[in-house]
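Contents: one structure, followed by commentary.
There are 2 protein chains.
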Amino acid sequence: MASLKDIANECGVSVATVSKVLNGHKEISGTTAQRVMATAKELGYMPNSAARALKTNRTYNLGVLFVDDTKSGLTHEYFSTVLDSFKVEAEKNGYDITFINHNIGSRNATYLEHCRYRCVDGVMIACVNFFDPQVIELVHSDIPVVTIDYTFDNHISVISDNVSGMQDLVQYVYSMGHRRVAFIHGENTSVTASRLTSYYKTCMELGISPPDDYVQAALYHDTRVTARCTKALISLPEPPTCILFPDDYSYIGGANVLREAGLRVPEDISVAGYDGIHILQALSPRLTTLKQDTDSLGRIAAQKLVELIEYPKITLPGTTIVKGSLLEGDTIMRIGE
Amino acid sequence: MASLKDIANECGVSVATVSKVLNGHKEISGTTAQRVMATAKELGYMPNSAARALKTNRTYNLGVLFVDDTKSGLTHEYFSTVLDSFKVEAEKNGYDITFINHNIGSRNATYLEHCRYRCVDGVMIACVNFFDPQVIELVHSDIPVVTIDYTFDNHISVISDNVSGMQDLVQYVYSMGHRRVAFIHGENTSVTASRLTSYYKTCMELGISPPDDYVQAALYHDTRVTARCTKALISLPEPPTCILFPDDYSYIGGANVLREAGLRVPEDISVAGYDGIHILQALSPRLTTLKQDTDSLGRIAAQKLVELIEYPKITLPGTTIVKGSLLEGDTIMRIGE
DNA sequence: TAAACTTGTGAAAACGTTTTAGAAGTTTTT
DNA sequence: AAAAACTTCTAAAACGTTTTCACAAGTTTA
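Chains A and B, in that order, are what the protein sequence lines are.
Add 93 to the 1-based position in the first sequence for this note's numbering, that's all there is to it.
Add 93 to the 1-based position in the second sequence for this note's numbering, that's all there is to it.
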């Protein structure tokens, strides 16, 4: 690989001159600059990112921290689409991305250590256990961090608007005439808390008060538990006319139960999901759901992180809330008087 | 960040000594080694990968090249699961992964240039257009490369066994009594070629010869075109009793058509997919499909790449063929005399 | 007792950059 | 004509490692 020195020799100038030309410093004469650029091209010069990083302490590498035990977020459509748009935006800004884990060579390392080892300029954190001490340590280090779907005080985060999302969903099913609206929710996270609170609040505002057994605790992305909850709901003396599922995927578990029970969707029972994943919009009847704007989530996270890295002094901590949008499918039946 | 020099000063030894201790060279006395290790830990020493890379020309970074226009392979379940297992295995071996694209800073670069810039030790290539000149350039460079689902002569590749996969599928539906087996295939790639050839060959061996209009050209992952093909098939004077779809996802397009036509699966018509993606195993009726072993594909690709990097002299080019497995779901009806 | 190893250590060079301070030459100002 | 200011360039240091070679001291062999 051709280096600055090779170009310098070839052109009969110093390494410093070549460096300056290639970095666009204005103090080198036009003729020299021309000559240097030409030889650089001729020699197929590529800067060496390691050398540059060593000198400047900037790698133009962003760390991405996803869960890394068992199955990673990669296999989860919501997160993989967020990651995808994060990647696109990061690359547009000249940054590459590297996954953070806890291996350095054969040795075990904390996330923070791994970030330091790789000298990442910043880290995006999503889809992890935000109470993990290693995550907390990383967040409170001097490395620029942006989190998705969780906010650390005095830091930058991007979160999907679960409050308005749930509100839209409940208001919509209400407007379709539903008064007995059940909610199967996911595991105990801040996301779930937002949705659950919003569900209760919106119901109250609309003057309906769901009985306790209309609210069932399940897990995200788990068809089995959701199936069980669905069964419980339809066996109630006064079953709901509409069920809101933890997410689109787990709805599949419920759908099977409904079919087995001889209940048609939406004629006999209405349902809605959450996420807006692709395949359920292809499947008929098209699932009514709240599509999270994964595209914006990833893109904004990347923008914020780059901003924080490049203008640390003038970047304020804060949370960007990204609204989702209601996808009106065919699974909510209009009912009522 | 503490450096070797800090440790050296603290211990009153030279930088060289510290380096040797930390790299486990045997020539340093036990007592010194102990002391150095203790101070290293105390100071929270982390090696600097950039400095190390600069000196050794090894980054312990693997490039991953996925399609990077519009939507990346990240959002495609088959590839994202392959990537996931690749990542896990790479990390187990002490390598991190970095996505290859064609940006270097704000400048446009070829894939090869990007790899050189980042000094990756090797590259895994999957889910790209293998006829892209930039991909070919990269493959034929001096950078170690492993490809997935495509073989370059005299290089290392890992491919899913589409021949035996298709054979298993056809033999299975035959054994269930089907003689009129249609095949909707994906776009023109080497994967499709294998499956198509295997379909014809297996049919012939079983003594059935599908008429031309039983073979329909569609696209992978596209429900619309698949829907059209499905419609065509069921409108034939003598429609098939079983349809093999390009992949599980595109089957959804067909499923909708079948339902609208009043055909029940599997009572009125049998179907099978390809891939074994998660959600279709949750949905009832469970789709009969050929599950590709994405776990092995990614893992073996990582192993081979690491081997090629670490033992270039004794690593032979060649192709590893990874068999899939038939997932017997509920969408193939037993028929016949 | 000298010669030949061993063992533990360090000095120094090298990897490819960026950057600072300043030299040399040229132009402008006084 | 001298001083000041600008332009163009370079030498050298630095970033944090790894590695080669040499040296000293101790140990064995002849």
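Yeah, the Cβ is synthetic: ideal placement off N, Cα and C, and Gly gets one too.
Here the structure is a predicted model, which is why all the values come from computation and not from measurement.
* the segment 335 to 342 of chain B in contact with the segment 361 to 380 of chain B per 3-pair CB rule at 8 Å -> Contact between the segment 335 to 342 of chain B and the segment 361 to 380 of chain B is present, because at least three Cβ pairs lie under 8 Å.
* Per DSSP, what kind of secondary structure is residue 195 (chain A) in: helix, strand or coil? -> The three-state reading of DSSP puts residue 195 (chain A) in coil, since its state is none of H, G, I, E or B.
* Asked: Per DSSP, which one or two residues make a beta bridge with residue 200 (chain B)?
  -> Assignment of beta-bridge partners to residue 200 (chain B) by DSSP yields B:197.
* For residue 311 (chain A), which of A:208, A:302, A:285, A:304 has the nearest alpha-carbon? -> Its Cα nearest to that of residue 311 (chain A), the residue A:285 stands out among A:208, A:302, A:285, A:304.
* To do: Have a look at residue 291 (chain B) and residue 298 (chain B) and give me their C-alpha separation to the nearest angstrom.
  => Each residue's Cα considered, the two are about 10 Å apart.
* To do: Could you say which of B:275, B:365, B:313, B:281 lies nearest to residue 327 (chain B) if we only look at CA atoms?
  => Relative to the Cα of residue 327 (chain B), the nearest Cα in the group B:275, B:365, B:313, B:281 belongs to B:275.
* So is the beta-carbon of residue 172 (chain B) under 6 Å away from any non-hydrogen atom of the ligand MG? -> As for the ligand MG, it is missing from this structure, which has no ligand bound.
* Going along the chain, which residues of the segment 148 to 178 of chain A sit with their C-beta nearer than 8 Å to a C-beta in chain B? -> The segment 148 to 178 of chain A vs chain B, Cβ under 8 Å: 152, 153, 154, 161, 164, 165, 167, 168, 170, 173, 174, 176, 177.
* Between the C-alpha atoms of residue 259 (chain A) and residue 156 (chain B), what's the straight-line distance to the nearest angstrom? -> Counting only the Cα atoms, residue 156 (chain B) lies some 40 Å from residue 259 (chain A).
* What do you get for residue 278 (chain B), buried or exposed, if any count of 16 or more other CB atoms within 10 angstroms of its CB means buried? -> Residue 278 (chain B) is buried by the Cβ-count criterion.
* To do: Count the C-beta pairs between the segment 404 to 420 of chain B and the segment 216 to 231 of chain B that are closer than 8 Å, then say yes if the count reaches three, no if not.
  => In the pairwise beta carbon analysis, the segment 404 to 420 of chain B is classified as not touching the segment 216 to 231 of chain B: fewer than three pairs are separated by under 8 Å.
* Hey, is residue 372 (chain A)'s beta-carbon within less than 7 Å of any beta-carbon in chain B? -> Cβ-Cβ to chain B under 7 Å: yes for residue 372 (chain A).
* Closer than 7 Å at the beta carbon, the chain A residues around residue 209 (chain B) -> Contacts between residue 209 (chain B) and chain A, judged by CB atoms closer than 7 Å, involve 94, 139 in chain order.
* For residue 259 (chain A), the first and last residue of its enclosing alpha helix (DSSP H) -> 255 to 268 is the span of the alpha helix (DSSP H), which, as asked, contains residue 259 (chain A).
* Asked: What did DSSP end up calling residue 335 (chain B) once you bin it into helix, strand or coil?
  -> Annotated three-state conformation of residue 335 (chain B) is strand, per DSSP.
* Would a check of beta-carbon distances place residue 143 (chain B) closer than 7 Å to chain A? -> At a cut-off of 7 Å between beta carbons, residue 143 (chain B) contacts chain A.
* Starting from the C-beta of residue 126 (chain A), find all residues in its chain whose C-beta is less than 7 Å away, skip the five residues before and the five after it, and write them out in chain order. => Excluding sequence neighbours, residue 126 (chain A) sits near 114.
* To do: Using a Cβ-Cβ cut-off of 7 Å, state whether residue 331 (chain B) counts as contacting chain A.
  => Closer than 7 Å: no.
* Closest by CA to residue 450 (chain A), which one among A:303, A:346, A:337? -> The displayed coordinates of chain A run from 94 to 430. Any statement about residue 450 (chain A) would go beyond what the structure contains.
* For residue 196 (chain A), decide whether its Cβ has a neighbour in chain B, counting only Cβ atoms nearer than 7 Å. => By the rule that beta-carbons nearer than 7 Å mark a contact, residue 196 (chain A) touches chain B.
* Span separating the alpha-carbon of residue 207 (chain B) from that of residue 227 (chain B) -> The alpha-carbon separation between residue 207 (chain B) and residue 227 (chain B) amounts to approximately 11 Å.
* To do: For residue 345 (chain A), decide whether its Cβ has a neighbour in chain B, counting only Cβ atoms nearer than 7 Å.
  => Chain B contact via Cβ: present.
* Which same chain residues, not among the five before or five after residue 132 (chain B), have their C-beta less than 7 Å away from its C-beta? -> Excluding positions up to five away in sequence, the list reads 100, 103, 104.
* Backbone CA spacing between residue 183 (chain A) and residue 192 (chain B) [nearest angstrom] -> CA-CA distance, residue 183 (chain A) to residue 192 (chain B), rounds to 11 Å.
* To do: Could I get the ranges of all uninterrupted beta strand (DSSP E) runs contained in the segment 355 to 381 of chain B, with 3 residues as the minimum, in chain order?
  => Segments of the beta strand (DSSP E) lying fully in the segment 355 to 381 of chain B: 363 to 365.
* **Where residue 146 (chain A) meets chain B, residues with beta-carbon distance less than 8 Å** => The CB of residue 146 (chain A) comes closer than 8 Å to the CB of 143 in chain B, given here in chain order.
* To do: Please confirm if residue 212 (chain A) has its CB atom under 7 Å from at least one CB of chain B.
  => Cβ-Cβ to chain B under 7 Å: yes for residue 212 (chain A).
* **Identity of the residue in B:378, B:144, B:118, B:186 nearest residue 352 (chain A) by Cα** => Of the candidates B:378, B:144, B:118, B:186, the one whose C-alpha sits nearest the C-alpha of residue 352 (chain A) is B:378.
* Interface residues of chain A facing residue 388 (chain B) [CB-CB closer than 7 Å] -> For residue 388 (chain B), no chain A residue has a Cβ inside 7 Å of its Cβ, as the nearest lies near 10 Å away.
* **Whether residue 212 (chain B) touches residue 152 (chain B) by CB criterion (7 Å)** => Taking 7 Å as the Cβ cut-off, residue 212 (chain B) and residue 152 (chain B) qualify as a contacting pair.
* In the DSSP assignment, what residue or residues form a beta bridge with residue 412 (chain B)? -> Residue 412 (chain B) has B:250 as its beta-bridge partners, per DSSP.
* To do: Measure the C-alpha to C-alpha separation of residue 263 (chain A) and residue 384 (chain A) and round it to an integer number of angstroms.
  => So the alpha carbons of these two residues sit roughly 14 Å apart.
* Helix, strand or coil at residue 190 (chain B) according to DSSP, with G and I counted as helix -> It is a strand residue.
* Can you give me the Cβ contacts of residue 128 (chain B) inside the same chain, cut-off strictly under 7 Å, excluding the 5 residues immediately before and after it? => Contacts found: 104.
* Quick one, which of B:268, B:245, B:112 has its alpha-carbon nearest residue 410 (chain B)'s? -> It is B:245 whose Cα lies nearest to the Cα of residue 410 (chain B).
* Determine which residues of the segment 180 to 191 of chain A have a Cβ less than 9 Å from any Cβ of chain B, and write them out in chain order. => Listed by position along the chain: 180, 181, 184, 185, 186, 187, 188, 189, 190, 191.
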